[in-house]
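For the sequence shown, this note's numbering assigns the number 100 to the initial residue and increments by one for each residue that follows.
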Amino acid sequence: MSNSTGSSPEVAAISLSRQGKPESLDSPPVPRNRSISSARQSILYVTSEMSDYVKAGGLGEVSAALPRALRQHYDVRVLIPGYRELLSRIGTVEVVGRLPGMFGVPACDLGRTRTRDGLTIYVILCPELYNREGTPYGDARGIDWADNDIRFARLGMAAADLAMGAGDPTWQADLLHLNDWPSGLAAAYLQWRGVPIPSILTIHNLAYQGLFDRTRLPHLGIPEAAFQVEGVEFYGKLSFLKAGIFYASHITTVSSTYANEITKPEYGCGLDGLLRARADQGHLEGIINGIDESWDPSTDPYLASPFTPDDWTGKRVNADTVRKTFGLAVSRGPLFAVVSRLVHQKGVDLAISAAEAIVSQGGQVAVTGRGEMRFERALEALARRHPGSVGVRIGYDETDARRMYAGSDFLLMPSRFEPCGLSQMYAQKFGSLPIAHRTGGLADTIEDGVTGFLFGEMSLHAFLDAIRRGVDTFKSRSRLSNMRRAAMSRPKGWSHSANKYRDVYGRAWQAVA
Ligand code: ADP
Ligand code: GLC
């Protein structure tokens with residue numbers, strides 16, 4: 100994602116009176132009379148990624164899985180920008196409405212399609228904003244699009260329009276479920292229009308905030324009056340994420356530990372004051388992600404060979420395949436994997452230092468990922484220094500990733516912070532023991548010495564100590580098998596998390612009833 104920001108000292112205690120209707124939101128759509136019966140409420144799930152079509156990380160996977168898990172309870176529909184890649188995968192889209200342009204945000208068509216399994220997807224058809232080669236957030240070199248404020252204000256505005264029944268004449272939403280900074284403004288637009296539809300904001304990563312210059316306010320339809328601490332201002336800048344945190348009815352994040360961490364200055368990225376205030380009101384909580392059913396080593400078609408906890412033969416076949424693919428020598432020693440975005444958050448620097456120690460003791464390391472150039476280069480240099488022991492493939496490849504989880508003995512995940520983390524759960528499910536920093540969702544999903552290994556202090560020394568404990572376990576076949584079996588049984592599907600979201604939705608509706 101884009102628009103990360105450093106932490107700032109503090110956002111002082113903030114009172115949460117969220118009034119202040121704008122003078123400037125001239126002629127937004129008028130809400131239609133709600134004719135919806137309360138029998139089956141409608142939810143609009145607003146996201147900038149969905150792995151059916153386009154994804155940059157875990158958000159895409161959650162956005163594909165959670166709406167599906169909620170479908171049996173609600174009429175859930177997804178709203179997403181019509182990126183070039185997405186449209187090429189969808190083919191034809193039915194145009195169901197036209198959304199007006201406002202301020203600097205261009206008018207656009209609203210398209211509607213369905214996934215093969217029948218989930219309704221609304222697509223914002225605005226070629227001037229989305230018909231580009233690159234990721235949802237930037238070009239192929241990873242440089243953010245300069246007009247990301249307009250691109251994602253368009254998303255937020257479309258969400259508010261659609262919720263009010265101004266997009267699709269046959270549908271309107273009873274609740275908006277927003278995700279991360281790209282959809283943060285939707286909660287604010289609803290508030291400024293005086294529309295009493297609750298909005299839930301899920302924070303998948305607080306470090307990406309959508310920060311823009313204050314001169315952009317009039318282009319985005321943001322009233323000057325909202326540019327203050329009790330509004331969208333973040334240390335002199337406009338913050339989309341802060342807008343979401345401030346104006347949404349309820350905030351969730353993707354693990355209990357991270358929900359607690361982000362109320363502290365060390366992890367709060369300057370928003371801890373506001374988050375503390377929202378937590379004190381009972382409006383912030385952690386709901387751990389699940390993993391979807393495709394993560395099953397006995398049936399996964401991507402694997403070189405399926406396997407079950409009763410027979411590790413198939414796991415060995417995957418290990419051999421990974422060794423071959425990554426140019427590693429034939430070996431009976433432990434195989435460590437890294438499957439990660441290559442960014443500071445993920446502790447790639449620590450993984451590189453640890454790899455040196457691992458190979459010096461006869462272990463092997465396979466790495467796949469893409470991200471910051473400096474890490475990509477450093478990993479390639481590491482592989483050149485250790486031919487046959489370290490293999491690196493820069494890129495994003497589902498087959499590689501799944502085979503690595505299946506074939507490796509350990510997954511290295513020394514994340515500095517980790518809101519939830521899906522990789523460690525995939526690894527567990529495929530019998531690879533995660534070795535990870537005790538933070539966020541890693542702390543909540545890994546039981547130290549039972550389903551993986553955790554280290555407390557973010558230091559090479561502590562990481563190597565956890566790796567040493569892993570290697571000791573590797574030497575005992577029975578201990579290794581027991582831990583693998585425990586790990587494989589642990590990750591949960593989505594129904595558990597979906598039920599927790601249902602509780603949150605219920606409370607949000609109660610509050611406006
Ligand atoms: P984040 O969203 O912060 O990147 P997560 O652990 O929640 O972290 O999700 C990352 C997802 O992206 C996992 O499904 C992981 O397997 C996948 N992934 C990351 N890098 C690659 C890669 N190079 N190739 C394939 N999958 C990858
Ligand atoms: C973010 C976080 C990751 C989380 C994912 C899905 O990308 O970095 O920890 O698992 O979102 O919620």
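C-beta atoms are modelled at their ideal positions from N, C-alpha and C, and glycine is treated no differently.
Contact test: residue i Cβ vs the ligand ADP heavy atom, cutoff 7 Å
{"i": "R469", "result": "yes"}
{"i": "A500", "result": "yes"}
{"i": "Y288", "result": "no"}
{"i": "L158", "result": "yes"}
{"i": "G283", "result": "no"}
{"i": "E360", "result": "no"}
{"i": "S439", "result": "yes"}
{"i": "A479", "result": "Sequence inspection shows Glu at residue 479; the Ala mentioned does not correspond to that position. False, no ligand heavy atom lies under 7 Å from that Cβ."}
{"i": "Y525", "result": "yes"}
From the options, residue whose alpha carbon lies closest to that of residue i
{"i": "M557", "options": "A500, K445, G551", "result": "K445"}
{"i": "Y401", "options": "D496, V603, V177, T191", "result": "D496"}
{"i": "M587", "options": "H443, V145, K414, S141", "result": "K414"}
{"i": "V48", "options": "T362, R211, R484", "result": "Look at the range of the chain in this structure, 100 to 612, and you will see that residue 48 is not part of it."}
{"i": "A607", "options": "S459, F554, F474, G381", "result": "G381"}
{"i": "A658", "options": "L165, L185, R250, L218", "result": "Past the boundaries of the shown model lies residue 658; the chain is included only from 100 to 612, so the question cannot be answered."}
{"i": "A610", "options": "D208, H349, N278", "result": "H349"}
{"i": "A252", "options": "M472, A482, L198", "result": "L198"}
{"i": "F554", "options": "A535, S393, F529", "result": "A535"}
Boundaries of the beta strand (DSSP E) in which residue i is found, first to last residue
{"i": "I350", "result": "349-352"}
{"i": "F554", "result": "552-554"}
{"i": "S575", "result": "It is not in any beta strand (DSSP E) - S575 carries neither H nor E in the DSSP assignment."}
{"i": "E384", "result": "383-385"}
{"i": "I223", "result": "219-224"}
{"i": "H536", "result": "532-536"}
Any non-hydrogen atom of the ligand GLC within 7 Å of residue i CB
{"i": "C368", "result": "no"}
{"i": "P518", "result": "yes"}
{"i": "V353", "result": "yes"}
{"i": "L383", "result": "no"}
{"i": "G264", "result": "no"}
{"i": "V161", "result": "yes"}
{"i": "G540", "result": "yes"}
{"i": "N60", "result": "With the chain covering 100 to 612 only, the question about residue 60 has no answer from this structure."}
Backbone CA spacing between residue i and residue j [nearest angstrom]
{"i": "K591", "j": "T544", "result": "10 Å"}
{"i": "G105", "j": "L178", "result": "In this predicted model, G105 has a pLDDT of only 32, less than 50, meaning its place in the structure is not dependable enough to derive any value."}
{"i": "G605", "j": "A285", "result": "20 Å"}
{"i": "A612", "j": "P295", "result": "9 Å"}
{"i": "A597", "j": "A168", "result": "6 Å"}
{"i": "Y600", "j": "D246", "result": "33 Å"}
{"i": "H595", "j": "W411", "result": "29 Å"}
{"i": "A272", "j": "T234", "result": "28 Å"}
{"i": "G494", "j": "H443", "result": "17 Å"}
{"i": "W593", "j": "R375", "result": "28 Å"}
{"i": "T356", "j": "V194", "result": "43 Å"}
{"i": "L143", "j": "A324", "result": "28 Å"}
Residue i: CB within 7 Å of a non-hydrogen atom of the ligand GTP
{"i": "L521", "result": "Ligands present in the displayed structure are limited to the ligand ADP and the ligand GLC, and the ligand GTP is not among them."}
Residue range of the alpha helix (DSSP H) that includes residue i
{"i": "Y504", "result": "497-506"}
{"i": "R176", "result": "Here R176 belongs to no alpha helix (DSSP H); instead the beta strand (DSSP E) covers 174-180."}
{"i": "M512", "result": "First-last for M512: 509-512, but that is the beta strand (DSSP E), not the alpha helix (DSSP H)."}
{"i": "A436", "result": "Per DSSP, A436 belongs to no alpha helix (DSSP H); it is in the beta strand (DSSP E), 434-441."}
Beta carbon proximity, residue i to chain E, threshold 8 Å
{"i": "E384", "result": "Chain labels in this structure do not include chain E; a single protein chain is all it has."}
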